[in-house]
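Have a look at the structure below, then the notes.
Numbering (the numbering used here), first residue to last: 24 to 318.
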């Protein structure tokens, strides 16, 4: 018999005076069995006996998360923090809900700041706080938080990668490229780090370097239509029309209607569209182009 199975499961409608511990333990047992609605009822009954119990409010919060009732979960965590302001977990979990589920980034930042007041060197709270700043468009603050996470974990791929993302969105492309390279030193075959470098090089008209990055991205994911199409554009801008058409063909193989429509409207492909090979290619795929037009 497992520990969960050995816990007594009472009828929630029965009145059991002085049974806080019984209801709390039952809530834990039901939670471990995945019976979250019943677990929530048990924690509620436990709190009737002991309204100032940190753990009952905290467990109620994680149960409400499992039920998808995120706003109520933050309220339970908030009650827990009022009882034990120096307990890390209620602050951290509350921050995660605000960040990931409710998209309330200022509230997430406040919660992670409180978690860090309890555990000042916590990697996860710094990293999640940086994510909240990044998604809120506050890139300078995000970089400060990521520097803190890197002070704890200097070889953390995600901190370097997100640092690069912040710099890219901020328009600091040279620094962003250096940070993507730091990420790739840790995880050399990461598709996105190569692809985002390609995007930067393409944006600043360094097309040969962009092609190199897209090829590296395709080494990681050969069926990535984005890299094939973006490489097609760069090859065309360099005047490499045969290579451009080859890349376009690969993109169209993966998403015919999308890339035929884009190719017909793309200014960078004007020269390619005038070639006999492109016209033959277009004829072979006319059915997809017509579908794209009528969508």
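Ideal Cβ positions, reconstructed from N, Cα and C, are used throughout, including at glycine.
Keep in mind that this is a model prediction, so the values were computed, not measured.
**Q.** Spatial distance of residue 271 from residue 308 (CA atoms)
**A.** 12 Å
Q) Which class does residue 227 belong to by DSSP, given the choice of helix, strand or coil? A) coil
Q) How big is the Cα-Cα spacing for residue 224 and residue 63? A) 53 Å
Q | Top-ranked residue by Cα proximity to residue 374, from 213, 71, 61 | A | The structure shown has nothing for residue 374, since the chain only spans 24 to 318.
Q) Taking Cβ positions, are residue 254 and residue 227 nearer each other than 8 Å? A) no
**Q.** Alpha-carbon to alpha-carbon, residue 273 and residue 300
**A.** 15 Å
**Q.** For residue 150, the nearest candidate out of 160, 141, 132 (CA to CA)
**A.** 132
**Q.** Proximity winner among 196, 213, 211, 208, relative to residue 222 (alpha-carbon distances)
**A.** 196
Q. Over what stretch of residues does the alpha helix (DSSP H) that includes residue 298 continue unbroken?
A. Counting along the chain, residue 298 falls outside any alpha helix (DSSP H), and DSSP gives it neither H nor E.
Q) Looking only at its own chain, which residues have a Cβ that is under 6 Å from the Cβ of residue 180, when we skip the five neighbours before and after it? A) 206, 209, 210
Q) What whole-angstrom Cβ distance do residue 148 and residue 115 have, given they're in contact under 8 Å? A) 6 Å
**Q.** Secondary structure, alpha helix (DSSP H): runs of 4+ residues fully inside the segment 37-96
**A.** 43-55, 59-72, 77-89
Q. Leaving out the 5 sequence neighbours to the left and right, which residues in its chain are closer than 6 Å to residue 35 when beta-carbon positions are compared?
A. Because residue 35 sits at a pLDDT of 48, beneath the cut-off of 50, its placement in the model cannot be relied upon, and the following sentence gives the value as read from the coordinates. Only 64 meet the Cβ criterion.
Q.
Quick check: is the beta carbon of residue 72 nearer than 8 Å to any beta carbon in chain B?
A. Going by chain labels, chain B is absent from the structure shown, which holds only one protein chain.
Q) For the putative contact between residue 102 and residue 80, defined by C-beta atoms under 8 Å, what is the C-beta separation to the nearest angstrom? A) 4 Å
(Q) Considering only their Cβ atoms, is the gap separating residue 246 from residue 282 smaller than 8 Å? (A) no
Q. Which whole-angstrom value describes the C-beta separation of residue 165 and residue 157, a residue pair presumed to lie in contact below a C-beta threshold of 8 Å?
A. 4 Å
Q) In the structure shown, what three-state DSSP assignment does residue 277 receive? A) helix
Q.
I need the straight-line Cα distance from residue 194 to residue 187, nearest angstrom please.
A. 11 Å
Q: Grab me the residues of residue 40's own chain with a C-beta within less than 6 Å of its C-beta, minus the 5 sequence neighbours each way, in chain order.
A: Caution applies to residue 40, whose pLDDT of 36 falls short of 50 and renders its modelled position unreliable; the model cannot decide the point.
Q: Could you pull out every residue in the same chain whose Cβ sits closer than 6 Å to the Cβ of residue 124, ignoring the five residues on either side in sequence?
A: 93
Q. Per DSSP, what kind of secondary structure is residue 14 in: helix, strand or coil?
A. This structure gives no information on residue 14, because the portion of the chain shown stretches from 24 to 318.
Q.
Quick check on residue 287: does DSSP put it in helix, strand or coil?
A. helix
Q: Could you tell me the distance, in whole angstroms, from the CA atom of residue 256 to the CA atom of residue 89?
A: 46 Å
Q: Evaluate residue 134 with the Cβ neighbour count: other Cβ atoms within 10 Å of its Cβ, from every protein chain shown; 16 or more gives buried, anything less gives exposed.
A: buried
**Q.** Same chain only: Cβ atoms within 7 Å of residue 169, ignoring 5 sequence neighbours per side
**A.** 153, 182, 185, 186
Q. What number of angstroms, rounded off, separates the C-alpha of residue 215 from the C-alpha of residue 111?
A. 33 Å
Q. What's the call for residue 109, buried or exposed, on a 16-neighbour Cβ count within 10 Å?
A. exposed
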